[in-house]
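**Q** If you read the sequence shown in the working numbering, its first letter stands for residue -18, the second for the next number, and so on. Even glycine gets a Cβ: it sits at the ideal position worked out from N, Cα and C. Could you have a look at this structure, given as structure tokens, before my questions?
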Amino acid sequence: MTKHSGKSAKAVKADKPDKPTKTDQVVKGTTAALGGPERYQTFVSTDRPIYRGTETVYVRGVLLNAANHKPLPETKQAQALIQVKGFSGETVATGMAQTENGVWGFAWTVPAAQAGGQYTVTASYPESGYAPAERKFDIRTFRAPRLKSQIVFLRDGYGPGDKVTASLDVKRAEGGAPVGAKVTVQAVVDGTEIDGGTTTVDSLGNCSVSFDLPKLIARGEGTLALTIADGGVIETASKTIPILLQTVDLKIYPEGGDLVSGYKNRVYIQAHQPNGKPADLVGKVMQDNGASSSVVCDFRTEHEGRGRFEFTPQTGKNYYLTVSEPTGIKTKYPLPESKVHGAVVRTDKDIFKKGDLISVKVGSTHKHFKVTLAKREAECAVGTVEKAKQSKTDSFALQTVSFDTPADVDGVLTVTVWDDKGVPLAERLIFRQPAKPINVSIIPGRKTYVPGDCAKVTVRTTDADGQPVSAVVGLTVTDDSVLELIEKREMAPRLPVMVFLEPEVKDLADAQIYLDSANPKAAADTDLLLGTQGWRRFAFVDAAKFLRENGDAAKRVLALAIAPPVAGSDVLVLPTARAVHLKPAGMVPQQSFEFGQGFRRSGTAAKQWELRGRNSEAIGAGIGNQNGAACLLGNIAAPRDANFFQVEPTVIDERHYTSSRAERHQKTLPTLPEGAPIPDNDGDGGLDRYISFSQSNVPARRRSSRSRMGGISVFPSIAVVREFANPVRVGRSSPDRVDFTETLFWNAGVKTDEQTGEATVSFGLNDSVTAFKVFADAYTAGGAVGTGSASLQSVQPFYAEA
């Protein structure tokens, strides 16, 4: 990949702290090294994308097997450490959640004085080591609009003098299009107002506007504002105009990773504006002939700033890209130099349908080479190619290699070309449609309701043949007008896109389009998305290097599951209790953990070791040895005397424990003075004062042979949240307009009946006259996933607003 834009840490043996160990050797991403075949990924969602202070954020996490998408078995549970992080990376809330039927729920009430901005909820697994997951949401002051609107520009990039064209889609909050509503067009560019005139909304709720940009633009700061007047309701929709001046960030990805001279090569590109948003370009591929240049072919981006083109590079020639639209970009973007030796791999299909034969075209300058098809680290099929069997009339002809793979091999797959010595030459990602789709239908109890009603919704799950199937369904009912405050391309994906695409890629935006069978551009857009993921090329060849360079994103690609080490593992603890480095067996030569007060015990002697290496990412796991214990004490960035627990821990039954009982009355987290040694009470009881016990009905785990850490596993208090249903207000009168709760129902996992495939829920409507969106994300025990949505309207014949 080419991008254009105008000391490894050491692990130290605990008993020999002065002898570091080298960690940067090549480690292949095998199943055993990555954590075994039973590795689970988490798919996180929130009930809404935007919140105010005092509102509650409901978070759902689904754990599915990385290989077959089956949920975590009912007989197995996982505890997730949930953290809410602010826009500067600070942790503002911490808690625990425990799975049930492969799903966990979590809730956080936003403090009234919480600063606005973008926040991230993260989930990690200190005990099981599953790959971390996250979801972003916004906190801001807003009001639910009476008119829901979305502005979409015809292109994602305009230059000086260009004609800007945009479409407006507008609907009333309670449903229906504001037919005939007047739309006033006003644009501002570098402080200068541009009058775009007026237009009206058609019967579908759409209208188109256009205006010319100034021919001279200095800063490129532009905003389009559309004022919509629907009777007495006036709303303004606005959006930043994507103005590009002189520069654009352009990344270039040859299809297999390299350009190879003589072969027909496909090249993917991805363009961004300086602010990180996609840029639409039209341009040409040029060949540099020294004193002059010649046009090779044209190119243009198609979706999210991504595009592709094909050409045949010649040995010794240099190539570059020029941009003709938007105007004003004079930069030349050189293509990577073509190689004399190497391999190319390409596919003539944007995606493969479920069960279809998978075939690719390959070519190589090597006499013997093989082609593999893999799902993550698991090789599904192998094809061997001999140069002598290729076309004698055209030594650069591509040869077709077909893979007869089982139907359950689906999602993102990796095609890799290897030479006869096992060195990878080329690689690309392909997509095969999900093997086990599930249909999710949502049936409101009535077509329309009135404010304050008790509403019922039935969800029905069926397999591909229409037969009922039992599934676990995450259900959310929320005000649709609030959802429209977020640009569609920024909306979080639903469960199928989360499962099949999100862990595999970076920069997943406009997520709803990729698996939309009704959208004719979905397949091509999916291919463009996968063709621009050069950052993960050969990820499984040297997984350790991939992890070092890409952090959590790499863990999700690899579906890494590094569990805590067994008793006796190497461990280092800072005297200030800031970080720990350990050396587990398996994938990563060194893992780095950061937590509050960690220690290593052997018998009754407690020792502290000086850290060798660097501070690193907070994982949130404690490590013990033999009779040792481990404490996760919350956010280490907080003051030393802070209470790290959101929920006050339950007082335990003192009779089950040994010494130091008098110390356990303390419910807030004790901390040691700076520099003080960790106490050793010549027994296990002295550790109890540093342990918080769960507030749920799941008992805190005591020392046993089942503890992989050889001690007690300790975490912040568990807060189990499964459902919220807005109650019907007792004594409500018809004119009341006091309850504007935006999420009316949320459930982390409703299980549908095995015989009927149905489940019914009920909740109270608020006082809003609006439409509510019902979302359902479902998965079955067999690994099928699906999603569905519907609208529920709350209306009154007559209403008025001040």
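1) Cβ of residue 384 within 7 Å of Cβ of residue 507?
2) Where DSSP assigns a beta bridge to residue 178, which residues make up the other side?
3) I'd like to know if the region 446 to 454 and the region 471 to 491 are in contact, where contact means that at least 3 CB-CB pairs between them fall below 8 Å.
4) Express the C-alpha separation of residue 38 and residue 226 in angstroms, rounding to a whole number.
5) Which same chain residues end up closer than 8 Å to residue 818 when comparing Cβ atoms and leaving out the 5 residues on each side of it in sequence?
6) Give me, in chain order, the residues of the same chain whose beta-carbon lies closer than 8 Å to that of residue 777; leave out the 5 immediate sequence neighbours on both sides.
7) What is the residue span of the beta strand (DSSP E) that residue 704 lies within?
8) Tell me the rounded alpha-carbon separation between residue 725 and residue 133.
9) Taking C-beta to C-beta, are residue 286 and residue 252 nearer than 7 Å?
10) Find out if the Cβ-Cβ distance for the pair residue 95, residue 34 is shorter than 7 Å.
11) Straight-line CA distance for residue 210 to residue 753?
12) For residue 13, is the classification buried or exposed, using 16 other Cβ atoms within 10 angstroms of its Cβ as the cut-off for buried?
13) Measuring straight from C-alpha to C-alpha, what distance separates residue 201 and residue 171?
14) According to DSSP, is residue 832 helix, strand or coil?
15) Assuming residue 289 and residue 512 make a contact with CB atoms under 8 Å, what is their CB distance in whole Å?
16) How close, in whole Å, do the beta carbons of residue 184 and residue 164 come, if the pair is a contact with beta carbons under 8 Å?
17) Establish whether the CB of residue 533 and some CB of chain B are separated by less than 7 Å.
18) How is the alpha helix (DSSP H) around residue 143 delimited, first residue to last?
19) So, with DSSP's three-state summary, where would you put residue 434?
20) For residue 229 and residue 326, I'd like the C-alpha separation in whole angstroms.
21) What does the alpha-carbon distance come out to for the pair residue 416 and residue 387?
22) What's the C-alpha gap between residue 771 and residue 80?
23) Start and end of the beta strand (DSSP E) containing residue 77?
24) For residue 260 versus residue 137, is the C-beta distance shorter than 7 Å?
25) Taking 6 Å as the limit between beta carbons, can you name the residues of its chain near residue 537, skipping five residues before and five after?
26) So residue 28 and residue 516 are supposed to be a Cβ contact under 8 Å. How far apart are they, rounded?
27) Between which two residues does the alpha helix (DSSP H) containing residue 462 stretch?
28) Return the chain-ordered list of same chain residues with a C-beta closer than 7 Å to the C-beta of residue 301, the five sequence neighbours on each side being excluded.
29) Among 41, 105 and 47, which one has its Cα closest to the Cα of residue 62?
30) Counting C-beta neighbours from all protein chains within 10 Å, is the total for residue 18 16 or more, i.e. buried, or is it exposed?
31) To the nearest whole angstrom, what separates the beta carbons of residue 44 and residue 52, a pair I think is in contact under 8 Å?
32) Out of 352, 273 and 156, which has the shortest C-alpha to C-alpha gap to residue 365?
33) Give the DSSP-derived three-state secondary structure of residue 629 in the structure shown.
34) Taking 8 Å as the cut-off, does the region 392 to 406 touch the region 355 to 362 (at least 3 CB pairs, one atom from each stretch)?
35) Can you give me the C-alpha to C-alpha distance between residue 156 and residue 462, rounded to a whole angstrom?
36) Determine the burial state of residue 103: buried for a count of at least 16 other Cβ atoms within 10 Å of its Cβ, exposed for fewer.
**A** Well, looking at it:
1) No, the Cβ-Cβ distance between residue 384 and residue 507 is not below 7 Å.
2) 166
3) no
4) 40 Å
5) This structure leaves residue 818 out entirely; the chain is present only between -18 and 783.
6) Beyond the five residues adjoining it in sequence on each side, residue 777 comes within less than 8 Å, by CB distance, of 431, 432 and 750 in the same chain, given in chain order.
7) Counting along the chain, the beta strand (DSSP E) containing residue 704 begins and ends at 704 to 706.
8) 30 Å
9) yes
10) yes
11) Looking at the two C-alpha atoms, the distance is approximately 23 Å.
12) exposed
13) Distance from the CA of residue 201 to the CA of residue 171, rounded to the nearest whole angstrom, comes to 6 Å.
14) Outside the displayed span of the chain (-18 to 783) sits residue 832, for which this structure offers no information.
15) 6 Å
16) That pair is no contact at about 15 Å.
17) No chain B is present in this structure, which holds just one protein chain.
18) Careful: residue 143 lies outside any alpha helix (DSSP H) and carries neither H nor E.
19) coil
20) 29 Å
21) 10 Å
22) 27 Å
23) 72 to 79
24) yes
25) 112 and 484
26) With a Cβ gap of about 32 Å, residue 28 and residue 516 do not count as contacting.
27) 461 to 464
28) Listed in chain order, the non-local C-beta contacts of residue 301 below 7 Å within the same chain comprise 267, 269, 313, 314, 315 and 316, local neighbours out to five positions each way being set aside.
29) 105
30) exposed
31) 6 Å
32) 352
33) Confidence in residue 629 is poor, its pLDDT being 32 and thus under 50, which makes the residue's placement unreliable; the coordinate value appears in the next sentence. It is coil, neither helix nor strand.
34) In this structure the region 355 to 362 touches the region 392 to 406; the number of beta carbon pairs closer than 8 Å is three or more.
35) 10 Å
36) buried
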